[in-house]
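Enquirer: One structure follows; several queries about it will come next.
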Amino acid sequence: MSAPHFEKRRKLFQQELAKLATGKILIAVLHSGTKGRLDQFYPNPNFYYFTGVDVPDAAYLVLIDGKKISEGLFLPPSNPLQARWDGEGAVSAGWMDRTGRPDKLRLNAMKETGFSTVYLNSEIYGYLERYLDKISDVYLDFTSDGYGSSEYSHFFWQKLSASKPFMKAGSVKNILHSLRHSKDSFEIGKMREAIAITAEAHEKIMAHLRPGLYEYELQAVVEYVFTSRGGQQNAFDTIIGSGKNSTVLHYNRNEKRIEKGDLVVCDIGVRKDYYCADLTRTYPADGRFTKKQRIYYDIVLEAHDRVIRFAKAGVKIAEINMMVNEFYAKKGVDKFYFHGTSHHLGIEAHDGGNLEDPLKEGAVITVEPGLYLSEEEIGIRIEDDILIKKNGCEVLSRALTTDMGEIEKKMAAPRKKIVI
Ligand code: GLY
Ligand code: MN
Ligand code: MN
82 MSAPHFEKRR
92 KLFQQELAKL
102 ATGKILIAVL
112 HSGTKGRLDQ
122 FYPNPNFYYF
132 TGVDVPDAAY
142 LVLIDGKKIS
152 EGLFLPPSNP
162 LQARWDGEGA
172 VSAGWMDRTG
182 RPDKLRLNAM
192 KETGFSTVYL
202 NSEIYGYLER
212 YLDKISDVYL
222 DFTSDGYGSS
232 EYSHFFWQKL
242 SASKPFMKAG
252 SVKNILHSLR
262 HSKDSFEIGK
272 MREAIAITAE
282 AHEKIMAHLR
292 PGLYEYELQA
302 VVEYVFTSRG
312 GQQNAFDTII
322 GSGKNSTVLH
332 YNRNEKRIEK
342 GDLVVCDIGV
352 RKDYYCADLT
362 RTYPADGRFT
372 KKQRIYYDIV
382 LEAHDRVIRF
392 AKAGVKIAEI
402 NMMVNEFYAK
412 KGVDKFYFHG
422 TSHHLGIEAH
432 DGGNLEDPLK
442 EGAVITVEPG
452 LYLSEEEIGI
462 RIEDDILIKK
472 NGCEVLSRAL
482 TTDMGEIEKK
492 MAAPRKKIVI
């Protein structure tokens, strides 16, 4: 849990916050999120990014008072009754005796997390009380969705500002976007692992796919590979869209029988040790692309390849989008394209980031042009994950072919009933 990169990230965060301080006290608070009763807990990505801590109801606090910068990790108490349901949390707050000596649990939390300042989560308001008159700015994680952090931030803000109407609320969004933009070598290593598992699942799709299967049977093949290779969870709901469904961008009901002649868009990704992959390929149900399918596939692949030749540090995602739109317009197919070409990828399948910011070395983005002709039931998307470098990019998913001939060759191998 404790690793030098978490501490390094926190230092950078603190430096950015210090630039925003106005002379009075500035605080920033990030929350790990809450756990649904029957849900697997997954920490709010921004909280996790700075702490590596994967327990619900925890908070990370930074307090900037002039030149003095303090930080604290607020953890839930050990709860033996709850542990009978959910297991013991990886770390818990423990306590300090009257002489200020940490007990075994707190010592363990300090060792595991690398924080020298660990508190009980319910102490956070008490901790802040002594500073209340001097706090002018409160930076919170209002924008994260899906993990309860935004909800906590609103609650926290209401509670803190109720008696201090002159405090100002700010969002950590821009700082987080800029810090999370370039991935370090640890993160890139994890993404390579996630991509390798996801690519293997695509290989299994090619070995398994045939008319007569249901979309959910392919989903099962994919998620078998994810789970059996140590994937943590899906990075997003598996998309297996055949025939008409191939033209629905985020179709994930996966309930239709796959028919002869269908194209099958398979947009899949695993999360491995918190990092995501996001890879799409489009396969012909019966192993051969039709003449018409080939025409559109070729256009999408050319758009994809053009982006890969174009992408490098300094280029903006907005420019990539524009390039693909212009290329499609020239080919007369722009009316069949409805989405952006790229998004950042990292702890989240859709990592945040401004489309107008020039990409920096170390950014990982997707390249996913598509075409969707619903009348003709032709949907095609080809999606790879690339690492931005100074003078170009590395296709992290290069091992997974995009070539129609190669795909047909792989699919020509005898279909087995069970190929896993
Ligand atoms: N799988 C979701 C996306 O490609 O954006
Ligand atoms: Mn995708
Ligand atoms: Mn994507």
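Heads up, the sequence shown is in the numbering used here, so the first residue is 82 and it goes up one at a time.
Beta carbons: idealized from backbone N, C-alpha and C, even for Gly.
The structure displayed is predicted, hence computed values, not measured ones.
If you draw a straight line from the alpha carbon of Gly-44 to that of Gly-311, how long is it in whole angstroms?
Expert: Because the chain in this structure spans residues 82 to 501, residue 44 falls outside the shown range and cannot be described.
Enquirer: Taking 7 Å as the line, does the beta carbon of Glu-464 fall inside it for any heavy atom of ligand 1?
Expert: Because some heavy atom of ligand 1 lies under 7 Å away, the Cβ of Glu-464 counts as near it: yes.
Enquirer: In chain order, which continuous runs of the alpha helix (DSSP H) of length 4 or greater are located wholly inside the region 212 to 250?
Expert: 230 to 242
Enquirer: For Ile-276, is the classification buried or exposed, using 16 other Cβ atoms within 10 angstroms of its Cβ as the cut-off for buried?
Expert: buried
Enquirer: With a threshold of 16 other CB atoms inside 10 Å of the CB of Lys-490, please say whether the residue is buried or exposed.
Expert: Exposed, since its Cβ has fewer than 16 Cβ neighbours within 10 Å.
Enquirer: Beta-carbon within less than 6 Å of Gly-473's beta-carbon, same chain only, minus the 5 sequence neighbours each way: which residues are those?
Expert: Result list for Gly-473: Lys-393, in chain order.
Enquirer: Please report the straight-line C-alpha distance between Gln-95 and Glu-152, rounded to a whole angstrom.
Expert: 9 Å
Enquirer: Taking 7 Å as the cut-off, is the CB of Asp-359 close to at least one heavy atom of ligand 2?
Expert: yes
Enquirer: CB-CB under 7 Å to Val-136, same chain, minus the five flanking residues each way: which ones, in chain order?
Expert: Ser-113, Leu-156, Pro-157, Gly-170, Ala-171 and Val-172
Enquirer: Please go through the region 397 to 459 and give each complete beta strand (DSSP E) segment of 3 or more residues, from N-terminal end onward.
Expert: If we require 3 residues or more, the beta strand (DSSP E) runs fully inside the region 397 to 459 come out as 445 to 448 and 451 to 454.
Enquirer: Could you compute how far the alpha carbon of Gly-227 sits from the alpha carbon of Tyr-141?
Expert: Only weak support is given to the placement of Gly-227: the predicted model assigns it a pLDDT of 45, under 50, and the value that follows is read from those uncertain coordinates. Cα to Cα, the separation comes out at about 18 Å.
Enquirer: Does DSSP classify Met-82 as helix, strand or coil?
Expert: coil
Enquirer: At the level of alpha carbons, what is the spacing between Arg-165 and Tyr-129?
Expert: 25 Å
Enquirer: At the level of alpha carbons, what is the spacing between Ala-282 and Asn-315?
Expert: For Ala-282 and Asn-315, the distance between alpha carbons rounds to 12 Å.
Enquirer: Relative to the alpha-carbon of Ala-480, which residue among Ile-467, Met-492 and Lys-471 has its alpha-carbon at the smallest distance?
Expert: Ile-467
Enquirer: Pick helix, strand or coil for Gly-153, following the three-state DSSP scheme.
Expert: strand
Enquirer: If you run the structure through DSSP and keep just helix, strand and coil, what is Lys-341?
Expert: Lys-341 falls in the coil class under three-state DSSP.
Enquirer: Any beta-carbon of chain C closer than 8 Å to the one on Ala-139?
Expert: Considering every chain present, this structure includes no chain C. It has just one protein chain.
Enquirer: Please report the straight-line C-alpha distance between Asn-335 and Glu-232, rounded to a whole angstrom.
Expert: 32 Å
Enquirer: Using CA coordinates, which residue listed in Ile-108, Asp-318, Phe-419 and His-385 is at the minimum distance from Asp-214?
Expert: Ile-108
Enquirer: Give the straight-line distance between the Cα atoms of Lys-116 and Arg-273, rounded to the nearest whole angstrom.
Expert: 29 Å
Enquirer: Give me the Cα-Cα distance between Asn-202 and Gly-175, rounded to the nearest whole angstrom.
Expert: 11 Å
Enquirer: Can you check DSSP and say which residues form a bridge with Ile-469?
Expert: Cys-474
Enquirer: In angstroms with no decimal places, state the Cα-to-Cα distance between Ile-469 and Asp-265.
Expert: 12 Å
Enquirer: Can you say whether Ile-488 is buried or exposed, counting buried as having 16 or more other CB atoms within 10 angstroms of its CB?
Expert: buried
Enquirer: Less than 8 Å between the C-beta atoms of Leu-436 and Ala-399, yes or no?
Expert: Contact annotation: Leu-436 and Ala-399 have beta-carbon atoms nearer than 8 Å.
Enquirer: Between Thr-103 and ligand 3, is there a pair consisting of the residue's CB and a ligand heavy atom that are separated by less than 7 Å?
Expert: no
Enquirer: Shortest alpha-carbon distance to Gln-313 belongs to which of Gly-350, Ile-339 and Ile-321?
Expert: Checked all of Gly-350, Ile-339 and Ile-321; the closest Cα to Gln-313 is Gly-350.
Enquirer: Can Tyr-332 and Val-345 be called in contact, C-beta distance under 8 Å?
Expert: no
Enquirer: Are the beta-carbon atoms of Leu-382 and Asp-222 separated by less than 8 Å?
Expert: no
Enquirer: Since Glu-464 and Ser-263 are thought to touch, with beta carbons under 8 Å apart, how far apart are those beta carbons, to the nearest angstrom?
Expert: The Cβ separation is near 21 Å, so there is no contact.
Enquirer: For a test of your reading of the model: does the CB of Asp-348 fall under 7 Å from any non-hydrogen atom of ligand 2? Yes or no.
Expert: yes
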